[in-house]
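Following: one structure in structure tokens, then a few remarks.
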Amino acid sequence: MVAIVTSGLSKRYGHSGPPIHPPWIHPAPEVRALEDLSIEVRDGEIFGFLGPNGAGKSTTIRLLLGFLHPSAGAASVLNLDIVRQSVEIRRRTGYLPGGIALYDTMSGEDLLDYLGDLTGRPSTRRSVLCDRLEMPAATLRRLVRDYSRGMRQKIGIIQALQHDPELAILDEPTEGLDPLMQRAFYEILDDLRAAGRTIFFSSHVLSEVERVCDRVAIVRRGRLVALEDVEALLARRKRNVEMRIEGTPPAIDGVPGVSGVKIEPDGRITCHLEGDVGPFLAAIRDVRVTDLTIEPAHLEEAFLELYHDEIDDEPEPSVPPPTEAPA
Amino acid sequence: MNRVLFRQTWRALRVKILIVFVALTAWGTLLPIVYGAFGQTFRDIIESGLIPAQLTQFGGGDIFTLSGSIALGAIHPISLILNSVFAVGFATAAVAGERQRGTLEVMLARPISRRTTYLTLLVATLTFVAAGVLATMLGAIIGSAIAGVLDELAVDRLPLLWLNGFLLFGALAAIGLAASVSFDRLTPALGITAGIVVVMYFLEVLGTFWPDAQFLQPYSLFHYYQPKEVLEGTAPAINFLLPAAVAVVAIAWSLFEFPRRDLAAPA
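Chains E and X are the protein sequences, given in the same order.
Mapped onto my numbering, the consecutive letters of the first sequence carry residue numbers -18 to 308.
Mapped onto my numbering, the consecutive letters of the second sequence carry residue numbers 5 to 271.
Structural data, given as structure tokens:
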């Protein structure tokens, strides 16, 4: 079962303009916000959707929820067509917009009641969410305009999840939350995962995505550049190894998965390690190692690698193909 | 129509509605009292020829008859401003204002179609407008009673007078909502709607004071709001049909445009 399927989904803003137009009219150039996006989000998984600002993350989310109309391609959410059945999609979905704006003149409680009533489903999860996010009744009775940024974000999370949606689409959900509340939020995600709910999770915080997501898609300039299991993605990453030895340095240059070996005169050895750690450990078995550090691979490095040419500000970088073809 | 949204819209604006209602009632009360106190005096001055008759008319209203004074109160800028609080102010902010603040996104993430959202906001706006026009009628009755001229008031024609006012401000509200669903920001929606209202009002008033500009009056919606004619039973059907037609066109545009347009992320 799949919760979200997109097939060649594209969105272009503006237009190239009519072929003939008065000289004083300068048609807006066409902006390709999303190009040929094909992904599948499986039922019950937490799916991370990554990319820098302007990569097409919000455009994708807004297409899925019917705020935007696709220029090409198709998509379904919970087996419902995003163009023809968007109302039903929103009935079964919870959505937390990035930088959520709330009605300032309402109390938190009234706002949650109002949004719950608009959804038309009982707010079965609200009390649990309020407990987890430390939003007691006294706080909920205060006006939203008196809330801090973190409290607003908590209200945003509660309104998105209070009706226990089958699919939650969360755009930067931990923005403004302190570390304790971030942890509480991760526990909420664990609960949702255990309950079989699907989470579509957009974030800039790569460590967070790495921690909570089963799979990630990375978009760049409106195109999908990677779609993979987080574990598989990290397993392919090179880990940094640093060790101190006494005696003759081992011959690890030719060991499978080992690269970039540097041996210092003081007995410090650094290298990169990719894949299975077994051959490396076997190669240093007879060496007297006084210290050994193998840094785990992080999603951030994979992300930066995919974006390095953009960061270096090259004008037209080539777009690598997705690392996994969508089914 | 979505009852939850409708209820919340009324709830959010209840204080403002009450203030405008009271203000319009008070304003509606004032003109019949002025007529009762000074109507005969003014009539004597005009009949003496001291003031040109053209200057005694304002938008079809005068101060020498009860129906004229009610008409004067209805077309006066104070009445226009108070009625525009909802017909223009709320209508233009209903979608574009929420969109600019980012709150529309939270609402449209619920299972409500854009057409339902629009129709709910339209009905809410029309009820605000209806209440405002009703307050003016109420004021006219109270003022006539206070001035002791209630017997001069054609009470049986008050519903038609209410309808005439409702259609005018309802048409303006429909234009405001059409602008509101067409823009992402409040400023252009409000600017266009307020511009239309001011220009139409100017055309009507200009034609009132300057006979050579009377040909411009039919292009103004205010020209079809003639409380004195309605109260005297001489108002033509077009005074009701034309504002209604304008409202229908604006509503049709909104129902076409709002569902089909893209709602990109708020800036």
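All C-beta atoms, glycine included, are put in the ideal place defined by N, C-alpha and C.
Sequence-distant partners of N6 of chain X (beyond 5 residues in either direction) whose C-beta falls short of 8 Å from its own C-beta, in its chain, are I116, T120, T121 and T124. By the rule that beta-carbons nearer than 9 Å mark a contact, L31 of chain E does not touch chain X. Nearest CB-CB separation between I116 of chain X and chain E: below the 9 Å threshold. In terms of Cα proximity to T212 of chain X, the closest of X:I79, X:A41 and X:T96 is X:I79. Of all alpha-carbon atoms in X:V19, X:F132, X:A113 and X:G72, the one lying nearest the alpha-carbon of G32 of chain X is that of X:G72. Closer than 9 Å to the CB of L267 of chain X there is at least one CB belonging to chain E.
With distances taken between CA atoms, V(-14) of chain E lies nearest to E:T41 out of E:E11, E:T41, E:R(-7) and E:P33. In this structure, the beta-carbon distance from L77 of chain E to G137 of chain E falls below 9 Å. Close to A16 of chain X, with beta-carbon spacing below 9 Å, are these residues of chain E in chain order: Y84, T86 and M87. Excluding five sequence positions before and after F170 of chain X, the CB atoms of its chain that fall closer than 7 Å to its own CB belong to V133, A134 and V137, given in chain order. In chain order, A113 make up the part of chain X whose C-beta sits under 7 Å from the C-beta of L46 of chain E. Contact with chain X is absent for Q143 of chain E, since none of that chain's Cβ atoms lies less than 9 Å from the residue's Cβ. Contact between C194 of chain E and F28 of chain E holds, with the beta-carbon distance rounding to 6 Å and staying under 8 Å. As for any beta strand (DSSP E) of minimum length 3 sitting wholly inside the region 69 to 141 of chain E, the runs are 74 to 77, ordered along the chain. In summary, T105 of chain E is exposed, with fewer than 16 beta-carbon neighbours lying within 10 Å of its beta-carbon over all protein chains present. Annotation: the region 146 to 199 of chain X contains the following complete segments of the alpha helix (DSSP H) (minimum length 4 residues), in chain order: 162 to 186. Assignment of F284 of chain E by DSSP, reduced to helix, strand and coil, places it in the helix class.
Residues M141, P231, V234 and L235 of the same chain have their beta carbon placed closer than 7 Å to that of L165 of chain X, with the five preceding and five following residues left out of the count.
Contact of Q134 of chain E with chain X is not assigned, every C-beta pair being separated by 9 Å or more.
For F94 of chain X, the secondary structure class from DSSP, reduced to helix, strand or coil, is helix. In summary, N34 of chain E is exposed, with fewer than 16 beta-carbon neighbours lying within 10 Å of its beta-carbon over all protein chains present. Annotation for E209 of chain E: no alpha helix (DSSP H) segment contains it, though the beta strand (DSSP E) segment containing it runs R204 to D210.
Within 7 Å of the CB of L9 of chain X, the CB atoms of chain E belong to L99, in sequence order along the chain. DSSP places S73 of chain X in the helix class (H, G or I) of the three-state scheme. By the Cβ neighbour-count rule, T100 of chain E is buried, with 16 or more other Cβ atoms within 10 Å of its own. Residues of chain X with a Cβ closer than 8 Å to the Cβ of Y95 of chain E are, in chain order, V8 and Q12.
Taking a beta-carbon distance threshold of 9 Å, L61 of chain E does not count as an interface residue toward chain X. Going by C-alpha positions, L108 of chain X is about 10 Å away from R114 of chain X. Going by DSSP, N34 of chain E is part of no beta strand (DSSP E) at all; its letter is neither H nor E. In the structure shown, S188 of chain E adopts helical secondary structure according to DSSP, grouped into three states. Nearest CB-CB separation between E69 of chain E and chain X: below the 9 Å threshold.
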